[in-house]
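Participant:
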Amino acid sequence: MSGCCGPTAVELEPSRQAAQPGDLPTVVIGAGPVGLAAAAHLTERGLDFVVLEAGEQAGASVSQWGHVRVFSPYRYNIDAAARRLLEADGWSAPDPDWLPTGAELIDDYLAPLAKLFGDKVRLGAKVSVISRLGYDRVRTAGRDDAPFLIRLADGTELTARAIIDASGTYTSPNVLGASGLPAHGEHEVVVDHALPDVLGADRDRYEGKRVLVVGAGHSAATTLLALTELDDTPITWAIRAGDAARTYGGGEADALPARGALGTRLRAHVASGRIQLLTGFFTHRVHATGQGVEVVSRDPSGREQSVTVDRIVSATGYRPDHSIASELRLDLDPVLGSTRALAPLIDPNQHSCGTVPAHGVDELAHPEPGYYAVGVKSYGRAPTFLMATGYEQVRSVVAALAGDWEAARDVQLDLPETGVCSSNLAEAQEQRVGLATGISGGLLSAPLPLATVSAGDGGCCG
Ligand SMILES: Cc1cc2nc3c(=O)[nH]c(=O)nc-3n(C[C@H](O)[C@H](O)[C@H](O)COP(=O)(O)OP(=O)(O)OC[C@H]3O[C@@H](n4cnc5c(N)ncnc54)[C@H](O)[C@@H]3O)c2cc1C
């Protein structure tokens with residue numbers, strides 16, 4: 452391989468060129484929690500593998516929200532195979548009831564796990580496209596026996612017997628535009644990614660500024676509450692819906708106590724005027740003016756409203772980027788962008804994160820044998836994903852790759868709805884460190900209302 456100025460070199464790694472597909476490694480794309488869990492299961496099964504990670508560290512996407520505290524305790528965030536390998540190496544598991552921040556998840560779990568795999572985890576290795584060696588999407592005869600071809604951003608190519616794509620969705624956020632298309636001018640102004648570290652590293656970017664937060668999910672609520680802690684910082688919150696009932700959740704009756712508490716606090720700030728809520732806001736146009744950035748909404752009837760701010764935080768969710776696999780034969784659900792078999796099991800209209808049933812290789816299979824999108828990417832636009840579900844996915848997929856179909860199809864998931872997405876654990880920790888959904892540092896000066904746990908609705912992290 453040569454070349455220093457971009458993807459000019461195209462060369463198969465010599466040792467892989469003549470190999471038969473069965474002798475090739477499985478390539479795992481992404482060293483997040485689920486990609487590394489896949490590596491652990493491949494290790495236990497004695498299957499050769501390589502993990503390709505675009506970032507410069509394990510958990511590169513998690514590190515982007517390192518200041519956010521998750522809502523599921525460690526007992527659900529550690530994969531079983533990973534735990535066995537780590538414990539055999541002398542690792543001590545963290546407190547199973549602790550709700551870690553993203554940074555703690557990396558330091559206490561993901562980084563030690565990645566270290567176990569040595570140079571099988573390649574950092575700075577961004578996959579740009581995948582295909583079958585010698586086959587475009589149309590060619591069929593002999594296709595299933597052809598190795599996969601993986602091209603990296605630097606032009607390096609590798610071949611593989613199977614691909615486990617755990618590349619996540621964090622790097623492909625939804626746009627600001629209300630119809631799923633970018634708002635006019637959206638790419639010409641600075642729009643901040645969801646969940647900035649408002650009370651930490653990013654404080655100077657927000658304090659004293661007029662800030663607009665767009666989105667109706669958990670991430671928007673988390674950012675809004677953090678912003679209320681800053682002095683001289685006018686906050687505007689824009690949502691498409693006619694009211695914020697969905698974001699407020701069920702208050703004291705919410706299935707997810709941390710979410711309910713978040714909603715209750717948010718409602719109070721809107722009622723007091725600390726946060727200005729703009730409903731029926733369909734972002735249409737964004738442009739810089741002498742006074743700041745004007746954000747214009749145009750609703751379906753053509754009625755316009757606008758707000759001028761200094762900073763915009765887009766918390767409109769994520770979507771999967773299937774473009775790297777566009778030469779493979781994928782069968783995607785037209786709504787969510789998951790596999791069709793998985794879509795009804797994860798539909799956010801029907802399921803909360805705790806009610807998604809166990810699923811594995813059969814629900815994740817595409818017409819392209821040997822390619823599996825797993826982890827949060829497998830859920831497409833559904834915000835109901837949990838690490839624990841992803842761990843069961845990769846256990847099943849790797850068992851199938853090892854030819855152990857009995858184990859592959861014996862999918863199990865222990866996610867009591869009242870135990871995974873917070874419940875009394877969150878309450879207990881809130882007393883110790885702050886709100887379980889990302890805001891730490893003493894925001895909870897008053898005790899939180901107790902919440903009754905009942906059947907849930909909606910997503911977890913959207
Ligand atoms: C703020 C927040 C809080 C959450 N809280 C919880 C919680 O409490 N409990 C829970 O179970 N889940 C939670 N989730 C959901 C989910 O479990 C996490 O998003 C989790 O990180 C998903 O793991 P993953 O391995 O599928 O993907 P990711 O963690 O997103 O990892 C994907 C990896 O792939 C890499 N990558 C991307 N593209 C490429 C490429 N082309 N080539 C090579 N590498 C690539 C990325 O750099 C990244 O390291 C939360 C999510 C967010 C955003």
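So for the sequence shown, my numbering puts the first residue at 452; every next one is plus one.
Using N, Cα and C, we set each Cβ at its ideal position, and we do this for glycine too.
1. Distance, Cα to Cα, A469 vs A597?
2. Which word fits R716, buried or exposed, when buried means at least 16 other C-beta atoms lie within 10 angstroms of its C-beta?
3. Please determine, among S670, G517 and S579, the residue with the shortest C-alpha to C-alpha distance to L561.
4. If you pair each beta-carbon of the region 822 to 842 with each one of the region 766 to 775, do three or more pairs fall below 8 Å?
5. Do V737 and V747 count as a contact pair if the criterion is CB distance below 9 Å?
6. Once you ignore the five residues that flank L675 on each side, which residues in its own chain have a CB closer than 8 Å to its CB?
7. In three-state DSSP terms, what is Y621?
8. To test your reading of the DSSP string, which unbroken beta strand (DSSP E) runs of 3 or more residues are found completely within the region 498 to 570?
9. Whose C-beta lies closer than 7 Å to the C-beta of A858 among residues of the same chain, with five residues either side of it excluded?
10. For ligand 1, is there a heavy atom less than 8 Å away from the beta-carbon of W516?
11. Report the residue ranges of all alpha helix (DSSP H) runs contained in full by the region 684 to 760; include only those spanning at least 4 residues, in chain order.
12. Expressed to the nearest angstrom, what Euclidean distance is found between the alpha-carbon atoms of S803 and H810?
13. Under the assumption that V845 contacts A489 (Cβ atoms under 8 Å), give the Cβ distance between them as a whole number of angstroms.
14. Under the criterion of a Cβ to heavy atom distance below 8 Å, does Y527 qualify as lining ligand 1?
15. Decide yes or no for the touch test of the region 772 to 781 against the region 576 to 587: beta carbon pairs closer than 8 Å, at least 3 of them.
16. Spatial neighbours of L787 within its chain, please: CB distance less than 6 Å, with the 5 preceding and 5 following residues excluded, ordered by chain position.
17. What are the boundary residues of the alpha helix (DSSP H) that A592 is part of?
18. Does DSSP classify R846 as helix, strand or coil?
19. Below 9 Å between beta carbons: does that hold for V626 and V744?
20. So what's R656 in DSSP terms, helix, strand or just coil?
21. Which same chain residues, not among the five before or five after L556, have their C-beta less than 8 Å away from its C-beta?
22. Would you mind sorting L678 into buried or exposed? The rule is 16 or more other CB atoms within 10 Å of its CB.
23. Indicate whether P547 and P524 have their beta-carbon atoms separated by less than 9 Å.
24. Can you give me the C-alpha to C-alpha distance between P545 and T477, rounded to a whole angstrom?
25. Taking Cβ positions only, does A531 come closer than 9 Å to chain D?
26. Suppose you measure from the CA of L837 to the CA of Y699; what does that come to, to the nearest Å?
27. Per DSSP, which residues does F599 bridge with? Please list them.
28. Helix, strand or coil for R762, going by three-state DSSP, please let me know.
29. Rounded to whole angstroms, what's the CA-CA distance from A667 to R656? Just pull it up for me.
30. Count the C-beta pairs between the region 604 to 621 and the region 526 to 542 that are closer than 8 Å, then say yes if the count reaches three, no if not.
31. Would you check if there are 3 or more beta carbon pairs closer than 8 Å linking the region 566 to 573 to the region 491 to 506?
32. Can you look up L663 in the DSSP assignment and give me helix, strand or coil?
33. Kindly examine ligand 1 and report whether one of its heavy atoms sits closer than 8 Å to the Cβ of K566.
34. What are the boundary residues of the alpha helix (DSSP H) that includes A672?
35. Could you check if E504 belongs to the surroundings of ligand 1, using beta carbon to heavy atom distance under 8 Å?
36. If you measure from the CB of A776, is any heavy atom of ligand 1 nearer than 8 Å?
Facilitator: Concretely, from the data shown:
1. Its pLDDT being 49, under 50, A469 is placed unreliably in this model, and the value from its coordinates should be taken loosely. Spanning the two alpha carbons is a distance of roughly 12 Å.
2. buried
3. G517
4. yes
5. yes
6. V664, I686, W688, L717, H720 and I726
7. coil
8. 500 to 503
9. A850
10. yes
11. 696 to 699 and 708 to 723
12. 15 Å
13. 4 Å
14. yes
15. yes
16. A794, G831, R832 and A833
17. It is not in any alpha helix (DSSP H) - A592 carries neither H nor E in the DSSP assignment.
18. helix
19. no
20. helix
21. P484, G510, V513, V521 and N528
22. buried
23. yes
24. 30 Å
25. Any reference to chain D falls outside this structure, which holds one protein chain only.
26. 22 Å
27. R583 and A611
28. strand
29. 22 Å
30. no
31. yes
32. strand
33. no
34. H669 to L678
35. yes
36. no
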